[in-house]
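Student:
There are 2 protein chains.
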Amino acid sequence: MKIYDSKTAPNPRRVRIFLAEKGVQVPYEEVDIVNAVNRSPEFRRKNPMGTVPVLELDDGTCIAESVAICRYFEELYPTPPLMGVDARDKAIVEMWQRRMEFELLWPIANAFRHRHEFFKGRIPQVPEFAEVSRQTAERNLSWLNEVLADRPFIAGERYTIADITALCAIDFGRVSKIRIQPEQTHLARWYEAVSTRPSAKA
Amino acid sequence: MKIYDSKTAPNPRRVRIFLAEKGVQVPYEEVDIVNAVNRSPEFRRKNPMGTVPVLELDDGTCIAESVAICRYFEELYPTPPLMGVDARDKAIVEMWQRRMEFELLWPIANAFRHRHEFFKGRIPQVPEFAEVSRQTAERNLSWLNEVLADRPFIAGERYTIADITALCAIDFGRVSKIRIQPEQTHLARWYEAVSTRPSAKA
């Protein structure tokens with residue numbers, strides 16, 4: 160078993176933090192995304208989408224998509240729970256995970272992808288969409304600050320995969336100058352708590 | 160318990176089909192999205208994102224996000240399984256569900272949202288992004304046709320939530336004239352199979 164990884168991309172970090180929280184060790188193999196090795200025909204046989212991370216099982220099965228990889232390990236190692244503990248809780252965590260992904264990580268990623276040199280020629284860039292995405296991300300940071308006014312973590316009392324997604328999103332925002340604002344004190348308190356956990360260095 | 164629904168939007172249909180496959184009956188309440196009732200302060204107390212569907216539990220908890228709602232019912236009613244049966248299978252189904260969502264439903268939805276009159280004033284529209292999204296969707300239909308060359312359903316041998324997402328995406332493509340092409344015979348065979356299941360009428 161191994162995970163095709165990239166130390167500079169936000170999605171592989173989600174899996175590394177998740178596994179660090181679980182205390183599960185899996186060998187990583189760095190993929191040279193700068194030279195687009197992830198877009199080679201060989202890598203696309205593992206993941207036709209050409210993205211990292213990819214979990215390769217011993218039987219050769221390849222699991223792409225960060226959250227799907229996390230699901231695999233959550234099922235095998237349910238403690239500590241990072242994706243909820245019963246039907247209601249699992250649904251709440253999944254809702255928040257998806258909100259952090261679609262309302263934060265995607266706008267932040269699109270603010271980068273649709274403008275930055277790195278993606279020139281890799282995707283059809285629409286700079287106007289980058290700007291709309293940047294504004295969406297900033298508005299949603301303000302909303303998330305309010306969400307965190309009454310709870311320690313994004314999905315409630317417990318640290319979950321939703322916190323991991325949000326942390327990776329916010330840290331990736333730096334390259335596009337999307338940052339927590341001084342008045343967003345609840346968000347800053349949460350950020351301090353999650354970014355100082357040992358897993359954040361994974 | 161009830162589900163805030165819309166008969167014309169693609170996401171609520173995902174949940175309706177899922178529940179029809181499970182044989183689970185939940186009361187639905189139609190939300191007038193044409194008159195933006197989903198964007199009212201009252202509805203946003205149930206779901207700050209202002210989207211449908213939303214599952215409201217008897218304790219007042221509101222679960223938004225189609226896949227999170229499906230997760231709730233999958234946990235309570237595991238038979239027939241629509242989200243996988245063990246760690247490996249659950250991860251594979253989640254991977255394919257996400258691919259159908261991000262590679263098909265989102266491009267198809269964005270081809271509509273960023274161009275159509277309905278979303279004027281509701282989101283900051285970028286028509287150039289609508290066109291890029293349309294091209295992405297058409298390219299991915301061609302890819303999905305190849306995927307289906309060697310298997311009956313999208314995630315393998317069994318009908319799953321990935322098929323539901325893809326069916327709802329493709330049917331929603333009609334409004335943007337994104338359609339299965341005559342040469343996409345594997346996709347057409349799959350579409351015939353999934354769209355004639357009784358659940359497709361839900």
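Chains R and P, in that order, give the protein sequences.
Heads up, the first sequence is in my numbering, so the first residue is 160 and it goes up one at a time.
Heads up, the second sequence is in my numbering, so the first residue is 160 and it goes up one at a time.
Yeah, the Cβ is synthetic: ideal placement off N, Cα and C, and Gly gets one too.
With DSSP run on the structure shown, which of helix, strand or coil describes GLU189 (chain R)?
Tutor: If you number the first sequence from 1, residue 189 (chain R) lands on position 30. If DSSP states are grouped into helix, strand and coil, GLU189 (chain R) belongs with the strands.
Student: Output needed in chain order: residues of the stretch 174 to 192 of chain R with a Cβ under 7 Å from some Cβ in chain P.
Tutor: Residues: none.
Student: Who pairs with ASP164 (chain P) in a beta bridge, going by DSSP?
Tutor: As a working note, residue 164 (chain P) is residue 5 in the second sequence. Answer is P:GLU189.
Student: Can you tell me whether PHE307 (chain P) is buried or exposed? The criterion is at least 16 other CB atoms within 10 Å of its CB, across all chains shown.
Tutor: Stepping through the second sequence from its first residue, residue 307 (chain P) is reached at position 148. The sequence given here places Leu at residue 307 (chain P); Phe does not occur at that position. LEU307 (chain P) comes out buried.
Student: Going by beta carbon distance, what residues of the same chain come within less than 6 Å of GLY332 (chain P), once the five residues before and after it are set aside?
Tutor: By 1-based counting over the second sequence, the position of residue 332 (chain P) is 173. Contacts found: ILE267.
Student: With DSSP run on the structure shown, which of helix, strand or coil describes VAL213 (chain P)?
Tutor: Here the question's residue 213 (chain P) lines up with position 54 in the second sequence. In this structure, VAL213 (chain P) counts as strand in the three-state DSSP scheme.
Student: Restricting to Cα atoms, I'd like to know which of P:ALA328, P:THR238, P:ARG173 is closest to ALA223 (chain P).
Tutor: Your numbering for residue 223 (chain P) matches position 64 in the second sequence. Nearest of P:ALA328, P:THR238, P:ARG173 to ALA223 (chain P), Cα basis: P:ARG173.
Student: What do you get for PHE277 (chain R), buried or exposed, if any count of 16 or more other CB atoms within 10 angstroms of its CB means buried?
Tutor: Within the first sequence, numbered from 1, the residue matching residue 277 (chain R) stands at position 118. Exposed: under 16 other Cβ atoms inside 10 Å.
Student: Check whether the stretch 230 to 242 of chain R and the stretch 203 to 210 of chain P touch, using three or more Cβ-Cβ pairs below 8 Å as the test.
Tutor: Output reads no: the stretch 203 to 210 of chain P does not touch the stretch 230 to 242 of chain R.
Student: For ARG293 (chain R) versus SER354 (chain R), is the C-beta distance shorter than 8 Å?
Tutor: Stepping through the first sequence from its first residue, residue 293 (chain R) is reached at position 134. Stepping through the first sequence from its first residue, residue 354 (chain R) is reached at position 195. For ARG293 (chain R) and SER354 (chain R), no; Cβs fall outside 8 Å.
Student: Indicate whether ARG230 (chain R) and ALA361 (chain R) have their beta-carbon atoms separated by less than 8 Å.
Tutor: As a first step, residue 230 (chain R) must be located in the first sequence, where it is residue number 71. As a first step, residue 361 (chain R) must be located in the first sequence, where it is residue number 202. No. Outside cutoff.
Student: Taking 8 Å as the cut-off, decide whether the C-beta atoms of PRO169 (chain R) and CYS327 (chain R) are in contact.
Tutor: Counted from its first residue, the first sequence places residue 169 (chain R) at position 10. Counted from its first residue, the first sequence places residue 327 (chain R) at position 168. The answer is yes: Cβ separation under 8 Å.
Student: Using beta carbons (cut-off 8 Å, strictly below), is ALA263 (chain R) in contact with chain P?
Tutor: To locate residue 263 (chain R), count along the first sequence from 1; it is residue 104. First, the residue type needs correcting, since residue 263 (chain R) is Leu and not Ala in the sequence shown. It does not; no Cβ of chain P falls within 8 Å.
Student: For PHE271 (chain P) and ALA289 (chain P), I'd like the C-alpha separation in whole angstroms.
Tutor: Walking along the second sequence from the start, residue 271 (chain P) turns up at place 112. Walking along the second sequence from the start, residue 289 (chain P) turns up at place 130. For PHE271 (chain P) and ALA289 (chain P), the distance between alpha carbons rounds to 7 Å.
Student: What residues of chain R sit near ALA246 (chain P), judged by a beta carbon separation below 9 Å?
Tutor: Taking the first residue of the second sequence as 1, we reach residue 246 (chain P) at position 87. In chain order: ARG230, TYR231, PHE232, GLU233, GLU234, LEU235.
Student: How would you call GLU280 (chain R), buried or exposed, if buried means at least 16 neighbouring beta carbons within 10 angstroms?
Tutor: Against the first sequence, residue 280 (chain R) aligns to sequence position 121. The question names Glu, yet the displayed sequence has Gly at residue 280 (chain R). Classification for GLY280 (chain R): exposed.
Student: Express the C-alpha separation of PHE312 (chain P) and ASP322 (chain P) in angstroms, rounding to a whole number.
Tutor: Counted from its first residue, the second sequence places residue 322 (chain P) at position 163. Counted from its first residue, the second sequence places residue 312 (chain P) at position 153. Near 7 Å, if we compare the C-alpha coordinates of PHE312 (chain P) and ASP322 (chain P).
Student: Measure the C-alpha to C-alpha separation of VAL193 (chain R) and ARG274 (chain P) and round it to an integer number of angstroms.
Tutor: Against the first sequence, residue 193 (chain R) aligns to sequence position 34. Against the second sequence, residue 274 (chain P) aligns to sequence position 115. Near 34 Å, if we compare the C-alpha coordinates of ARG274 (chain P) and VAL193 (chain R).
Student: Shortest alpha-carbon distance to ARG356 (chain P) belongs to which of P:THR295, P:ALA179, P:THR344, P:ILE162?
Tutor: Within the second sequence, the letter at position 197 stands for residue 356 (chain P). Nearest C-alpha to ARG356 (chain P): P:ALA179.
Student: Using the C-alpha atoms, what's the distance from ARG198 (chain R) back to GLU260 (chain R)?
Tutor: What you label residue 260 (chain R) is simply residue 101 of the first sequence in a count that begins at 1. What you label residue 198 (chain R) is simply residue 39 of the first sequence in a count that begins at 1. If you take the alpha carbons of GLU260 (chain R) and ARG198 (chain R), they lie about 23 Å apart.
Student: Using 8 Å for Cβ pairs, my map puts GLU188 (chain R) next to TYR163 (chain R). What's the rounded Cβ distance?
Tutor: Taking the first sequence and counting its residues from 1, one reaches residue 188 (chain R) at position 29. Taking the first sequence and counting its residues from 1, one reaches residue 163 (chain R) at position 4. Sure, about 6 Å apart at Cβ, within 8 Å.
Student: Could you round the C-beta distance between GLU233 (chain R) and LEU241 (chain R) to whole angstroms and report it? I think they count as a contact, below 8 Å.
Tutor: As a first step, residue 233 (chain R) must be located in the first sequence, where it is residue number 74. As a first step, residue 241 (chain R) must be located in the first sequence, where it is residue number 82. Confirmed, Cβ separation roughly 6 Å.
Student: Chain R beta carbons: is any one of them nearer than 8 Å to that of GLU287 (chain P)?
Tutor: As a position in the second sequence, residue 287 (chain P) is number 128, starting the count at 1. Closer than 8 Å: yes.
Student: Is the shortest distance between the beta-carbon of ALA349 (chain P) and the beta-carbons of chain R less than 8 Å?
Tutor: Taking the first residue of the second sequence as position 1, residue 349 (chain P) is located at position 190. Residue identity check: residue 349 (chain P) is Trp in the sequence provided, not Ala. Not one chain R Cβ lies under 8 Å of TRP349 (chain P).
Student: What are the start and end residues of the alpha helix (DSSP H) that includes ALA314 (chain P)?
Tutor: Against the second sequence, residue 314 (chain P) aligns to sequence position 155. Run containing ALA314 (chain P): none; DSSP gives neither H nor E here.
Student: Tell me where the alpha helix (DSSP H) around ALA339 (chain P) begins and ends.
Tutor: The residue labelled residue 339 (chain P) in the question sits at position 180 within the second sequence. It should be pointed out that residue 339 (chain P) corresponds to Ile in this sequence rather than to Ala. Unbroken run through ILE339 (chain P): none, as it is neither H nor E.
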